[in-house]
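Undergrad: From first to last, the protein sequence lines are chains A, B, C and D.
According to my numbering, the first sequence is numbered sequentially starting from -4.
According to my numbering, the second sequence is numbered sequentially starting from 8.
According to my numbering, the third sequence is numbered sequentially starting from 10.
According to my numbering, the fourth sequence is numbered sequentially starting from 3.
Positions of the beta carbon are idealized from the N, C-alpha and C atoms, including for glycine.
Sharing a structure here in structure tokens format.
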Amino acid sequence: MHDLKPITALGGTTPRVDTVGETTLAEVPDLALASVAARAGREQACAKHLKALIGAQAPSPGKTWQTDHYSAVWMGPDQWMISADFATHEDIAATLKSQLEGIASVTEQTDAWACFDLSGPRVFAVLELLYNINLLQFKTGDATRTSIHHLGCFVICMKPDHMVRILGPRASAGSLHHAITTAMTSAL
Amino acid sequence: MTQANRLSGGQIDHNTALEFTFDGKRYAGHPGDTLASALLANNVRLMGRSFKYHRPRGPLTAGSEEPNAIVELRSGARQEPNTRATTAELFDGLSATSQNRWPSLAFDAMAINDRFSNFLTAGFYYKTFMWPAAFWEKIYEPIIRKAAGLGSLSMQADPDEYDKGFRHCDLLIIGAGPAGLSAALTAGRAGKHVILADEDFRMGGRLNAETFAVADMAGADWATQTVAELSALSNVRLMPRTTVIGAFDHGICGAVERISDHLVTPPKGKPRQILWRIYAAQTLLCAGATERSIAFENNDRPGIMLAASMRAYANRWAATPAPRVAIFTNNDDGHRTACDLHAKGVKIAGVIDIRPDAPRSRDYEVLQGAHVTDTKGRLGLTFVDVRLADGTARTIECGALGVSGGWNPNVHLTCHQRGRPAWNDALAAFAPGGTLPPGMSVAGAANGAFSTHGALKSGADAARKALGLKGRAPALPRAEDAPVAQTPFWYVEGCARAWLDQQNDVTVKDVKLSYQEGFRSVEHLKRYTTLGMATDQGKTSNMGGLAIMAELAGKSIPEVGTTIFRPPYTPTSIGVLAGRMRGKEFHPTRLTPSHYWAEERGAVFVEVGNWLRAQWFPLPGETHWRQSVDREVTATRASVGVCDCTTLGKIDVQGTDAATFLNKVYCNGFAKLAVGKTRYGLMLREDGIAMDDGTAARLAEDQFVVTTTTANAARAYQHMEFVRQCLMPDADVQLISTTEAWAQYAVAGPNSRHLLQKIVDSDYDISNEGFPFMACGNITICSGLRARLFRISFSGELAFEIAVPARYGDALMRRLMAEGEEFDVTPYGTEALGVMRIEKGHAAGNELNGTTTALNLGMGRMVSKAKDSIGSKLSERPGLNEADTLMQVGLRPVNTSDKITAGGHLMRAAGPVDAAHDQGYVTSAAFSPTLGCMIGLGFLKDGGNRHGETLRLVSPVTDLSVAVEVVSAHFVDPEGARVRA
Amino acid sequence: MRYSGFKVIKEALTGHKGWTPAWRDPEPQAHYDIVIIGGGGHGLATAHYLASVYGERRVAVIEKGWIGGGNVGRNTTIIRSNYLLDGNEPFYEFSLKLWEGLEQDLNYNAMVSQRGIMNLIHSDAQRDAFIRRGNAMILNGADAELLSEAQIRQEYPFLNFDDARFPIKGGLAQRRGGTVRHDAVAWGYARAADGRGVDIIQNCEVTGFRIENGKCFGVETSKGFIGAGCVGCAVAGNSSRLMAKAGMRLPIESHVLQAFVSEGLKPVLPGVITFGAGHFYVSQSDKGGLVFGGDIDGYNSYAQRGNLPVVEDVCEGGMAIMPMIGRARLLRMWGGIMDMSMDGSPIIDRTHIDGLYFNGGWCYGGFKATPASGYAFAHLLANDEPHETATAYRFDRFRTGHMIDEKGMGNQPNLH
Amino acid sequence: MIINHPLLGPRDSAEFVNLGAAELMNRPDPETATPEDWHDYAYLRDNPAGAHRELWFHEGGDRSILIVTRDTTTHEITAVELARNRGQRHDPGK
């Protein structure tokens, strides 16, 4: 076991938590991520294998699902982002790769992203200052990839108006964090 | 502090006093007041000066179309020029200052212009100020500029914050007057998602300004009750203080919500304003109508205002501009003002009605068939001259004159997609035309339904239609339903200095002159006279000008045309359009994995795109950046240095056709690259010009990791997606960026292998034999951490690039520094990186400048003829392959103490120095500690054949002219022995 | 009629009765030696120089709407000659020299105001590029000055120096750059051309060309056929539409560029300022409005209007570099159709049809080129030879590989 | 503007990058094309005033390239499809 100490996307040794009123923004560092893109002509095989591997149908466009160990987000045509707990699945890319050999292209994405959970009452009042989606129709299981202050992000609805997960580019975690906390102060 | 002109009633809180100042003088008003209503209540009519003649002015209107009563609000960094006193919501402690006057509002020296107005007619400046030629810029223009302009900027950064947001709805209703409220009730009760936006701080529109009953209660009370019902509906969002500024494509409206403008300062962390982008499936415009004026001689004195505005001041704000007022009208609406003011106890000096059959009144005198011919009063109206029906003259003493020339529907937003309003004969006005923005409908007075009943009905009907609601229409509240009777009447016969555009001082006479000189189209009239170009965007002036032009041309108004309205509906602060994207937050910042460590080391950072990179790492005692950079270069070349190169774009290319794909996007070949090997690749645009370069490392038969330059990462990736999706859709290739996933460090210098051997796990052989130059592979380090190792070199030294998951990047850098102590390891920044790549002759952004070909870069032979690749065909064009084409060369000063400047041009050693004799230019330059002098890279005509030639490097803009020798671009280790060591 | 201060005074004292129309409103004649399509700045300037320099007497300008209604009436009024490449710089410097003598030439005060243009520098690479450009300008006989950050601070103290995402590291100034009252340019050229007998025919739309055996004999218009010895087209954003009537496809796309003006403010800006790290440039008009703009919207459009994202992008740039404008208000915004060429540089050339000539591809930079464009096009129409400053503006440069690509963006018009 | 993404529904055009005319998908066949074909492909455009087929790259979204048919005089969008369903059918082995 190596002895290199990780830091979070915001540069800390422990994840950062910010609270405005009853609403909390929590940095989530314990996420292992890998992208799975079906090989040409193997789209159905890929979907089938994914289902067997992870225990649910690969999500359709704009959607996400979660099982006990894994969650998946639709990224693009025949492409998904699979995530799992970092402590137990740091090798998620290798695992998926070995099982999808010749069926899908797998790429480690764990540290490409910074992840934040925004939770509390009136979360949508914060979101409407950040990105453009019809929140009237943003339901549990919806996952949208869009821009927050010029940063390409995934926003995943865990519970309407109460909890969303935001994944943004890791190198810009500070800018994204600033944008979200500023919007929290403004909106709440 | 007495409010001499304050009346009773209205929608203000008489029991609470708010103190404010205007031009330093203290006044009191009440909650619910605007600055203008409070000043009028305090018997202040003079609030501003006009643009050109500096004529004294008071409010013409009671709304956002105000051209005259504009002031500087607040002071210090929050000073806000050109604020309409008629919409500025009064708050305790408000301070306002008049503008465009010197030394004071009452005595303005620039009013001398008014005396010379006969010389300052429309367009006079195009005809003079030309002699002598130099005088325009030195004498005339500075004087004109100084006199021009309205309010002043504070010259300090705006201290307030602004937000931007997005909202979606089924129906956006613009305007909360009777039509808008009625529409909102209809849609809200049907359960639709409704946004109701109104620019006013109090919803209700004209209901607040009139005495009409709705549903047997005061109209204002009905509005209050309706707003209460709407606010209880969770599907309805009420947005008062929100101006819809523009209707853009596909149902997107821009709206500005004023969050804190009615407060002394915004609460901490809260914005001053928010720009909402509202995505509405349907939009219903209920923006009401604007009263229009009548032009007569000297119709611009303080105290002369639109009659319905005078009525609004009395009914809503309990203020009258003067204790004794008169009315000038061509329609019944003017009489309403007289009635309402009379009822409030204001003395009506007379109603002057152009109609011989105007209705009479028991309460005041009506002068039928009469016209206002002139007015008096220097700083405020004192007398009105009237020509009676029988031709006799009469003078009426009054402090204010309400003028009513009928109403114009507020069609502005219907024009924002270049639709034109249509002339409506019945209204004698322009009404929304047939070409509305898709998804928009119009109701109420904005659509010509001028009565209260008409507005309520059309609002409800339009909402039902827009939303496709079925079933019986619900009953409407009872309300007045007076028929519309508008007879066009634009100006009083014989007037000349009669104002059309009050702010810009455009008079009837100017329009006539414009016609006389051939400026007869609406666009020419507007541009020649500046009519309609004031801050009210012509809301109060365009119609009068059009009507006079039509009369002169012997055409109807619609034949002359109309100018269309452009966004924004009312002037919009630039701050809110920018939102949070300012200061350090202008663009997001990207930090490298070693950023926090570099900060601890005291690194100096530089912006590279959105990245912050360490530029150099000063040590104690180093006072000049060159000391640090020279040391970093020397130490790296002598032993080992480490540089964070995470910022290079990294794209994972996988699939059975990955090699075929790279063969297409790179001009050189990749099909035969062995697994475990890396190759330099040059990417061309289809036009044959170099777009980007980098390396592709083949980690598996079907997997490459491609790097791009930091600057071009996004564009190169986009280009690859274009090739993949549009040109090779059947190919089995998948792309994904991994730039941020991996912390990647260059470890360079003769001891780089020794250093790495201390951390690379012993399972992996990185000796020269086991891991030769251009090798690559997956490895583990520090007892099991997955990593990637590439043996590539940008510095020209024995070098590696090592990558680990980004979260371990910080720890890896610290480990490299600790393990490297025995080698005196040196972190180096982008400057040293740049020096070393110039010493090695590697092209970078300055050379890949979007105009250079592979041939220019000395890589002409890399463009494979054996295969088709993007750009290969068009790179063969003759203009890109001329005999004396630019070729990359190295340059060194003949006198080693001389400077070389990037951007300098190359001339022959002897001969003229001018553009016609240009031989090329210097792209990059640096001091080379290795060579002990400055060196440069450049492009030189036929450069490949001119090594050894002496040239003159000239840079007149930096005052440099030195002799340079053309040399090979590879200053250091041209044979490449070191990289292979 | 000659305009002068004396004339203004005389008319003021005699009731302004003596002013006559600035140009006539003639019906078209059956035939002209030269017909110019497009009554914008370039077309009117071409007519003026044809008449005044090349002695052409039978010239008509035909315009489908009102003269000056296109881009000459909807731009940000900047003039400059700060170009890099050999194909461009002599031409734009020639244009700047013509601007400097314009008022005397036209007897019309177009308010040429050389208050300078300043391009801000935010990175070392940008400085290198601007040094190269400044040197190219000087070597071509123009003026250029490299300013340090300290000099910029002194001249423009209100810029954002201390809280900047992209700090200001200097600037490249051209003191002879500046602004011109844009509408007056069209009117001044029209009046001067009309005075030399040029017929300016408004509300006359070209519906087709009469082309026989590879030669153009005139134009079909809404006012009937007008015969012509040769026809010159200068219709900017409508170039592709017009030339399609002659069967041509052009290396041009039409894009929308928005421009903005604030409410009138007391003078704050000495000259033109361009923000080198965002999409924003600004000057202040003689009336006091801040006139500003940024990038094109980025999609093909003939609609003469743009959308919010670019409005916001421009204002973000403005606030980033000049945060004092936050409380100034945007008064009006508008859009023009830009004839974006494939390398960002214009075309002044013959076509493959005898007697049919083309002037276009000005991208968003046509206004400053107006005098030289008119002059060079007049030269081409009169002599059938390119003017010495416009020899590179050929159609076939894309075929031969002689692109003039100032920004180095290649054949993607929305990136120029 | 709003582009109705075939997979994701209505999305603001600000999430996209305009890559130019859809004609760019018709890259000449390198085996047979003449220099004139390459010139016309790279440099000449129909640039219609009316329906225009153009490429929009969903950079801020799913990274699909869409072929959008949009009227350049009104900005009305009448059709949207995925480019890779319509892209050039080249034998990748060539």
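Quick check: the Cα distance between Leu46/D and Asp208/C, rounded to an integer number of angstroms?
TA: The straight-line gap from Cα to Cα measures roughly 34 Å.
Undergrad: Assess, as a yes-or-no matter, whether the stretch 46 to 62 of chain D is touched by the stretch 392 to 400 of chain C under the definition of 3 or more beta carbon pairs within less than 8 Å.
TA: Touching, no.
Undergrad: Please confirm if Pro1/A has its CB atom under 8 Å from at least one CB of chain D.
TA: Cβ-Cβ to chain D under 8 Å: no for Pro1/A.
Undergrad: Within this structure, are the beta carbons of Ser601/B and Asp817/B separated by less than 8 Å?
TA: In contact: Ser601/B and Asp817/B (Cβ atoms closer than 8 Å).
Undergrad: Measure from the alpha carbon of Met331/C to the alpha carbon of each residue in Ala159/C, Leu93/C, Arg141/C, Pro176/C, then state which is nearest.
TA: The residue with the shortest Cα to Cα distance from Met331/C is Pro176/C.
Undergrad: Are the stretch 747 to 761 of chain B and the stretch 50 to 68 of chain A touching, with three or more C-beta to C-beta distances below 8 Å?
TA: No, they do not touch.
Undergrad: Output, in chain order, the set of chain D residues within a Cβ distance shorter than 7 Å of Gly147/A.
TA: Gly62, listed in chain order.
Undergrad: For Gly865/B, which of Arg13/B, Gly461/B, Gly857/B, His849/B has the nearest alpha-carbon?
TA: Ranking the options by Cα distance to Gly865/B, first place goes to His849/B.
Undergrad: Report the option in Gln10/B, Ala697/B, Asp768/B whose CA atom is closest to the CA atom of Thr327/B.
TA: Thr327/B has its Cα closest to that of Gln10/B, out of Gln10/B, Ala697/B, Asp768/B.
Undergrad: By Cβ distance, which residues of its chain are closer than 6 Å to Asn420/C, with the 5 residues on each side in sequence left out?
TA: Answer for Asn420/C: Met351, listed in chain order.
Undergrad: Applying the 10 Å Cβ sphere with the 16-neighbour rule, what's the burial state of Ile581/B?
TA: It counts as buried.
Undergrad: Could you list which residues in chain C have their beta carbon closer than 7 Å to that of Thr75/D, in chain order?
TA: Ordered by position in chain C, the residues that pass the 7 Å Cβ test against Thr75/D are Tyr311, Ala312.
Undergrad: Is it true that the CB of Gly326/C sits closer than 8 Å to the CB of Gly287/C?
TA: In this structure, Gly326/C lies closer than 8 Å to Gly287/C by Cβ.
Undergrad: Could you pull the start and end residues of the beta strand (DSSP E) that Val435/C belongs to?
TA: Past the edges of chain C, shown from 10 to 425, lies residue 435/C, and the structure says nothing about it.
Undergrad: For the candidate residues Ala976/B, Leu507/B, Pro185/B, Ser238/B, whose alpha-carbon lies nearest to that of Ala222/B?
TA: Cα-wise, what sits closest to Ala222/B is Pro185/B.
Undergrad: Cβ of Arg174/B less than 8 Å from any chain A Cβ?
TA: With 8 Å as the cut-off, Arg174/B counts as an interface residue toward chain A.
Undergrad: Give the interface partners of Arg34/A over in chain D, defined as CB-CB distance under 9 Å, in chain order.
TA: Here the premise fails: no neighbours, minimum Cβ distance about 13 Å.
Undergrad: Just to confirm the assignment, what range does the alpha helix (DSSP H) spanning Pro318/C have?
TA: Looking at the DSSP string, the run of the alpha helix (DSSP H) that includes Pro318/C is 317 to 330.
Undergrad: Given that Met127/C touches chain D, what residues does it touch there, using C-beta distances under 8 Å?
TA: None at all; the shortest Cβ gap to chain D is about 30 Å.
Undergrad: Would you say the stretch 28 to 44 of chain A touches the stretch 84 to 101 of chain A, given that touching needs at least three Cβ pairs under 8 Å?
TA: Touching, per the Cβ criterion.
Undergrad: So, at 7 Å on beta carbons, what are the nonlocal neighbours of Leu107/C in its own chain, with the 5 sequence-adjacent residues on each side left out?
TA: Once the five neighbours on either side are set aside, the close Cβ partners of Leu107/C are Pro380, Ala381, Tyr384.
Undergrad: From Leu25/B to Ala35/B, what does the alpha carbon distance come to, in whole angstroms?
TA: Distance between the alpha carbons of Leu25/B and Ala35/B is about 5 Å.
Undergrad: Step through the CB atoms of chain A and report whether any lies within less than 8 Å of the CB of Arg65/D.
TA: Closer than 8 Å: yes.
Undergrad: Strictly below 9 Å CB to CB, what residues from chain E border Ile259/B?
TA: In the structure shown, chain E cannot be found, because the protein chains are A, B, C and D.
Undergrad: Under 7 Å Cβ to Cβ from His92/D, same chain only, skipping five residues before and after it: list those, please.
TA: Legend: pLDDT at His92/D = 46, less than 50; position of this residue unreliable, no value from coordinates given.
Undergrad: Return the residue from the list Arg91/B, Ser71/B, Ala69/B that minimises the CA-CA distance to Glu79/B.
TA: When only C-alpha atoms are compared, the closest one is Arg91/B.
Undergrad: Would you report the Cα separation of Gln634/B and Phe807/B, rounded to the nearest angstrom?
TA: Their Cα atoms are separated by approximately 26 Å.
Undergrad: Cutting at 7 Å between CB atoms, please list the residues of its own chain near Val194/C, excluding the five before and the five after it.
TA: So the qualifying residues of the chain are Gly50, Val81, Ala119, Thr379.
Undergrad: Taking Ile809/B and Val672/B to be in contact with their CB atoms under 8 Å, please state how far apart those CB atoms are, rounded to whole angstroms.
TA: In fact, because the Cβ distance is near 26 Å, the residues do not count as touching under 8 Å.
Undergrad: Leaving out the 5 sequence neighbours to the left and right, which residues in its chain are closer than 6 Å to Phe780/B when beta-carbon positions are compared?
TA: Excluding positions up to five away in sequence, the list reads Arg798, Val986, Arg987.
Undergrad: Can you find a CB in chain A that lies within less than 8 Å of the CB of Gln622/B?
TA: For Gln622/B, the answer is no, since every Cβ of chain A falls outside 8 Å of its Cβ.
Undergrad: Against chain C, does Ala24/D count as a neighbour if the rule is that its beta carbon must be under 8 Å from one of theirs?
TA: Ala24/D does not count as touching chain C.
Undergrad: If you compare alpha carbons, which of Glu83/D, Trp40/D, Glu56/D is closest to Arg72/D?
TA: Comparing Cα positions, the closest option is Glu56/D.
Undergrad: Would you mind telling me which residues of chain C sit closer than 7 Å to Pro574/B, beta carbon to beta carbon, in chain order?
TA: Result: Met342.
Undergrad: Between Ala138/C and the ligand HEM, is the CB less than 7 Å from at least one heavy atom?
TA: What this structure holds is no ligand at all, so the ligand HEM is not there to describe.
Undergrad: Along the chain, where does the beta strand (DSSP E) that runs through His912/B open and close?
TA: Unbroken beta strand (DSSP E) run through His912/B: 912 to 915.
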